[in-house]
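The structure appears below as structure tokens.
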Amino acid sequence: MARLSGRGVIVTGAAGGIGAAFAQALAAEGARVSLCDLRAPEATVAAIRQAGGEAMGAVCDVTDPAAVARMVAGTEERFGRVDGLVNNAALFATLTPRPFEEIASDEFDRILRVNVRGTFECIKAVLPAMRRRGYGKIVNIASGTVFKGTPMMLPYVSSKGAVIALTRSVAREVGSDGIRVNCIAPGLTLSEGLLGREDYPDEYFAAAAGTRCLPRAQQPEDLTGTMGFLLSAESDFMTGQTLVVDGGSVMH
Numbered sequence: 001m002a003r004l005s006g007r008g009v010i011v012t013g014a015a016g017g018i019g020a021a022f023a024q025a026l027a028a029e030g031a032r033v034s035l036c037d038l039r040a041p042e043a044t045v046a047a048i049r050q051a052g053g054e055a056m057g058a059v060c061d062v063t064d065p066a067a068v069a070r071m072v073a074g075t076e077e078r079f080g081r082v083d084g085l086v087n088n089a090a091l092f093a094t095l096t097p098r099p100f101e102e103i104a105s106d107e108f109d110r111i112l113r114v115n116v117r118g119t120f121e122c123i124k125a126v127l128p129a130m131r132r133r134g135y136g137k138i139v140n141i142a143s144g145t146v147f148k149g150t151p152m153m154l155p156y157v158s159s160k161g162a163v164i165a166l167t168r169s170v171a172r173e174v175g176s177d178g179i180r181v182n183c184i185a186p187g188l189t190l191s192e193g194l195l196g197r198e199d200y201p202d203e204y205f206a207a208a209a210g211t212r213c214l215p216r217a218q219q220p221e222d223l224t225g226t227m228g229f230l231l232s233a234e235s236d237f238m239t240g241q242t243l244v245v246d247g248g249s250v251m252h
């Protein structure tokens with residue numbers, strides 16, 4: 001039996017890129033997946049159904065509490081349960097690396113609003129459903145940049161540092177409800193949003209690969225095994241943790 005068989009899992013930011021890879025891998029593990037994004041995740045839903053999986057999709061801004069509540073309610077109504085949440089939605093691929101003193105205050109606020117408050121809103125929305133079952137798995141997405149103090153990306157790195165802090169604090173508050181909250185910190189990943197970008201040339205990815213014990217480019221599929229583990233019963237006695245998945249560039 002697949003390790004996520006029958007579980008209802010929400011994946012945010014799943015219209016493409018890493019989120020789509022998460023959604024398809026989880027469906028292959030037996031999860032029934034509810035996908036949301038700012039654009040309709042129809043292609044991902046179609047790919048999952050074509051492969052024999054069960055999926056539903058919705059347009060949802062994770063910073064809008066009412067929209068998030070509707071998405072979660074629709075998921076519970078369709079699947080009868082919400083066992084897992086993957087907080088993948090974030091601003092990254094559209095950002096231009098540059099010195100922090102050149103970054104406008106409203107851009108800083110926008111990045112933290114999506115990356116941190118969006119995560120907060122989604123966690124709040126799924127808590128009632130998970131508490132009713134006395135069980136839940138929440139996986140947040142941070143970044144290896146937090147451990148490196150990567151320059152030229154200050155708002156993004158700050159937001160992902162906050163996600164790690166949020167993960168730890170929420171884990172303390174909801175453990176007695178049977179809810180586990182963990183975090184994955186990926187390395188620089190060859191996702192579709194970065195391919196062909198002038199500010200992310202091939203040399204940039206090659207330099208990142210050179211910092212790794214496993215010296216190659218990271219693919220979205222390199223993250224899906226860890227995600228499946230954190231959403232499954234295999235990690236039931238694990239919470240508040242951040243797992244770096246980057247081929248051994250960061251060690252902590």
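Residues in the sequence shown are numbered from 1 upward in steps of one, following full-length UniProt numbering.
C-beta atoms are modelled at their ideal positions from N, C-alpha and C, and glycine is treated no differently.
Bridge partner(s) assigned by DSSP for residue i
| i | result |
| --- | --- |
| Pro97 | According to DSSP, which records beta bridges pairwise, Pro97 is partnered with nothing at all. |
| Gly57 | Leu35 |
| Gly30 | According to DSSP, Gly30 bridges with nothing at all. |
| Asn87 | Asn140 |
| Gln218 | Thr189 |
| Val244 | Ala185 |
Coarse secondary structure for residue i, derived from DSSP in three states
| i | result |
| --- | --- |
| Val163 | helix |
| Val139 | strand |
| Leu112 | helix |
| Gly210 | helix |
| Arg70 | helix |
| Val9 | strand |
| Leu195 | coil |
| Arg81 | coil |
Proximity below 8 Å, CB of residue i to CB of residue j
| i | j | result |
| --- | --- | --- |
| Ala15 | Ala51 | no |
| Lys124 | Leu230 | no |
| Phe147 | Val250 | yes |
| Pro155 | Glu107 | yes |
| Gly187 | Leu214 | no |
| Arg49 | Ala58 | no |
| Leu139 | Cys183 | The question names Leu, yet the displayed sequence has Val at residue 139. Yes, Cβ-Cβ distance for Val139 and Cys183 is below 8 Å. |
| Ile10 | Val163 | no |
| Thr96 | Gly175 | no |
| Asp236 | Arg172 | no |
| Gly8 | Ser34 | yes |
| Leu223 | Ser159 | no |
| Arg3 | Arg81 | no |
Legend entry - the region 43-55 / the region 16-25 touching (three or more Cβ pairs under 8 Å): yes
Legend entry - Three CB pairs or more closer than 8 Å across the region 61-76 and the region 166-175: no
Inset, instruction - Examine the Cβ distances between the region 67-75 and the region 94-114 and report whether three or more of them are shorter than 8 Å. - result: no
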